[in-house]
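K.L.:
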Amino acid sequence: MKQKPGVLSNFKASGRRRHENCNTIEHEQAEPWIEIEEMKKLLARTRGFTLIEFIVALVVLGLGSALLVSFITPTAGSADPMIQAQARAIASAYMDEILLRSFSGDCAGGRGEWSGIQCYAGLTEAPRDQFGNAITALADYQVQVSVSGGNPAEIQVQVTHASGRGGFSLVSARGDY
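Counted the way my numbering counts, the sequence shown spans residues 1399 to 1575.
As structure tokens, then:
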């Protein structure tokens, strides 16, 4: 078996020699096959994280997850603003209708014929127009009106949605003038 020049001398100087049947190195003593200098080079290349690097990474991950949650949370209730805007419009329409009536009046007939605000006390229904016709597109909403006695009377119109989200409430006072 031929060896490159200089290789054999390196093995002889270190006390090692090649095995006669292959290219593995035999040692005279039970010593590691990697020299200490080679091990130091290997350890220098395979460094881990320092404590500071770990803490910085942890802070960055924490801020990233907080931002992610803040972007996901509004998306979960994205229909709420639309439901709330519709509920506000319904409540406003009912409140306008009630405030156009006189303080006291005749409660005979249907809602379109009422002339006083006290006639609306205890009204609970799905949204209807001022003539009492049902509005089918708003069937998921429920309107409740309460009118307190006294002068001035406190009028509260509360609109809720069947989903339980996005309700709206309006309160107004009306005096007998």
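All residues carry an ideal CB built from backbone N, CA and C; glycine is no exception.
On the CB-based measure, 16 or more other CB atoms within 10 Å of its CB, does P1479 come out buried or exposed?
P.N.:
Within the sequence shown, residue 1479 is the residue found at index 81, counting from 1. The residue in question, P1479, is exposed, as its Cβ has fewer than 16 Cβ neighbours within 10 Å.
K.L.:
Curious, which full-length beta strand (DSSP E) runs of at least 3 residues does the stretch 1507-1548 contain?
P.N.:
1539-1545
K.L.:
Which residues mark the beginning and the end of the alpha helix (DSSP H) in which R1572 is found?
P.N.:
Locating residue 1572 in the sequence shown gives position 174, where the first residue counts as 1. Segment 1566-1572 is the beta strand (DSSP E) holding R1572; no alpha helix (DSSP H) there.
K.L.:
Just verifying my parser: in three-state terms, what is the DSSP assignment at E1552?
P.N.:
The residue you call residue 1552 lines up with position 154 of the sequence shown. If DSSP states are grouped into helix, strand and coil, E1552 belongs with the strands.
K.L.:
What's the gap between the Cα of Q1482 and the Cα of A1524?
P.N.:
Here residue 1482 is taken as the residue at index 84 of the sequence shown, counted from 1. Here residue 1524 is taken as the residue at index 126 of the sequence shown, counted from 1. The straight-line gap from Cα to Cα measures roughly 16 Å.
K.L.:
What distance in whole Å lies between the Cβ atoms of Y1518 and A1485, which are believed to be in contact at a cut-off of 8 Å?
P.N.:
Counting from 1 along the sequence shown, the entry for residue 1485 is found at position 87. Counting from 1 along the sequence shown, the entry for residue 1518 is found at position 120. At roughly 18 Å, the Cβ-Cβ gap does not stay under 8 Å, so A1485 and Y1518 are not in contact.
K.L.:
Bridge partners of V1557, per DSSP?
P.N.:
Translated into positions along the sequence shown, residue 1557 becomes position 159. Among the bridge pairs identified by DSSP, V1557 is matched with V1541, F1566.
K.L.:
Does the stretch 1503-1520 touch the stretch 1560-1568, meaning 3 or more C-beta pairs lie closer than 8 Å?
P.N.:
no
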